[in-house]
Amino acid sequence: MRLLVVEDDRDLNRQIVTALEQAGYAVDRAYDGEEGHFLGETEPYDAVILDIGLPLKDGLSVLELWRNAGIKTPVLLLTARDRWSDKVQGFDAGADDYVAKPFHMEEVLAHVRALLRRAAGHASSDLSCGPVKLDTRAGRVIVDGNAIKLTSHEYRLLAYLMHHTGRVISRTELVEHLYDQDFDRDSNTIEVFVGRLRKKLGVDIIQTIRGLGYLIAPPNDQPSSAPGATS
Ligand code: CA
Numbered sequence: 007m008r009l010l011v012v013e014d015d016r017d018l019n020r021q022i023v024t025a026l027e028q029a030g031y032a033v034d035r036a037y038d039g040e041e042g043h044f045l046g047e048t049e050p051y052d053a054v055i056l057d058i059g060l061p062l063k064d065g066l067s068v069l070e071l072w073r074n075a076g077i078k079t080p081v082l083l084l085t086a087r088d089r090w091s092d093k094v095q096g097f098d099a100g101a102d103d104y105v106a107k108p109f110h111m112e113e114v115l116a117h118v119r120a121l122l123r124r125a126a127g128h129a130s131s132d133l134s135c136g137p138v139k140l141d142t143r144a145g146r147v148i149v150d151g152n153a154i155k156l157t158s159h160e161y162r163l164l165a166y167l168m169h170h171t172g173r174v175i176s177r178t179e180l181v182e183h184l185y186d187q188d189f190d191r192d193s194n195t196i197e198v199f200v201g202r203l204r205k206k207l208g209v210d211i212i213q214t215i216r217g218l219g220y221l222i223a224p225p226n227d228q229p230s231s232a233p234g235a236t237s
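Just so you know, the sequence shown maps onto residues 7 to 237 in our numbering.
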């Protein structure tokens, strides 16, 4: 999953980006409304953390511009604690959620997780596919009850595919959602990551769809679904 943080306070921006990166996301950053607006319009983020008080273009205007342009990326607004009007205006402008400043970083992480799973149509923070369980809260992957150690890129790859089960994901889409802007992107490396991930998981849940990309079938279509799993 790839995120954008638009916050002009450089310390806070760095803290949020660091926390999100540690939680396993690819993260781009912007320090003013114009840069943020441009990035949000040109890059396919899975969610945006958007401050309201920004230089050059305020957060609410940026959000309105995106929504008017048909960009549906989930947006988490950062609002000032006592400005209820900001929250109302924010939702009216198309925000999906907000966190009031000052906040604990854990709050932002929890709101981001909720936005991402809602956007992908999941109700729970645990995603399962057959014997593979992804605990998005702890950033852990469990196969048949055993925790599997993945690198951040492998984790991102699995998380993206598991958030979008039942859909064939092209290599290009993976590259766009797994790496931040500054990363030297190469779609050939995706194949390598998929190979490593398959080996570590030890179960065959990732299908290669020739010429199109990769697919994880929805939990109901997994042949080795755990007994008692409900649909
Ligand atoms: Ca600000």
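Note that the Cβ used here is the ideal one computed from N, Cα and C, for glycine as well.
{"query": "I want to check one thing, is the minimum distance from the CB of E70 to the heavy atoms of ligand 1 below 7 Å?", "result": "no"}
{"query": "Based on the DSSP secondary-structure assignment, which residues constitute the bridge partners of S134?", "result": "K139"}
{"query": "Going by DSSP, which residues form a beta bridge with V54?", "result": "L10 and V81"}
{"query": "Measure from the alpha carbon of A265 to the alpha carbon of each residue in P108, A165, P61 and L26, then state which is nearest.", "result": "Here the chain covers residues 7 to 237 and nothing more, so residue 265 does not appear."}
{"query": "Going straight from the alpha carbon of A75 to that of R87, what length do you get?", "result": "29 Å"}
{"query": "What span of residues does the alpha helix (DSSP H) with A99 cover, start to end?", "result": "W90 to A99"}
{"query": "Using a Cβ-based criterion (distance less than 7 Å to any ligand heavy atom), does L82 qualify as near ligand 1?", "result": "no"}
{"query": "If I measure Cβ to Cβ from N152 and keep anything under 7 Å in the same chain, skipping five residues before and after, which residues do I get?", "result": "none"}
{"query": "Whose beta carbon lies closer than 5 Å to any heavy atom of ligand 1, going through the chain in order?", "result": "D14, D57 and G59"}
{"query": "Measuring CB atoms only, is the segment 193-210 touching the segment 48-61, in the sense that at least three cross pairs come out at less than 8 Å?", "result": "no"}
{"query": "What's the gap between the Cα of R191 and the Cα of V181?", "result": "7 Å"}
{"query": "Inspect the beta-carbon positions of T142 and R119 and report whether they are closer than 8 Å.", "result": "yes"}
{"query": "With DSSP as the reference, label I148 as helix, strand or coil.", "result": "strand"}
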